[in-house]
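Visitor: To start, I am sharing the structure in question, which I have written as structure tokens.
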Amino acid sequence: MHRWTTISKVMIGFTAVYTVYAIGDHLRHEHHDEDKPEYPYLKMRTKPFPWPESNCDFLDRECRAKAREAKKALN
């Protein structure tokens, strides 16, 4: 029993140290905000979606905002 308690304490300490290292490594990492490549097979539409902005994906907020702005500009 004493052996497993000692092993558990050592592993908990190791896990805590490794977690701090991993978080520090992640925070030092430079985030890349470059544009994704436009693949020809993405956004292929065979029929319109049932919502008002039928050319936008269901959860694509940027596309919906652009479509609403374009619709307001036409009115």
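Residue numbers for the sequence shown follow the numbering used here, beginning at 937 and rising by one.
All residues carry an ideal CB built from backbone N, CA and C; glycine is no exception.
By Cβ distance, which residues of its chain are closer than 6 Å to Glu989, with the 5 residues on each side in sequence left out?
Guide: Arg1000 and Ala1003, listed in sequence order.
Visitor: The alpha helix (DSSP H) with Tyr957 in it runs from where to where?
Guide: Counting along the chain, the alpha helix (DSSP H) containing Tyr957 begins and ends at His938 to Arg964.
Visitor: Rounded to the nearest angstrom, what separates Glu998 and Trp987 at their Cα positions?
Guide: Between Glu998 and Trp987, the C-alpha separation is close to 15 Å.
Visitor: First and last residue of the alpha helix (DSSP H) that includes Leu1010?
Guide: Leu1010 -> alpha helix (DSSP H) spans Arg997 to Leu1010.
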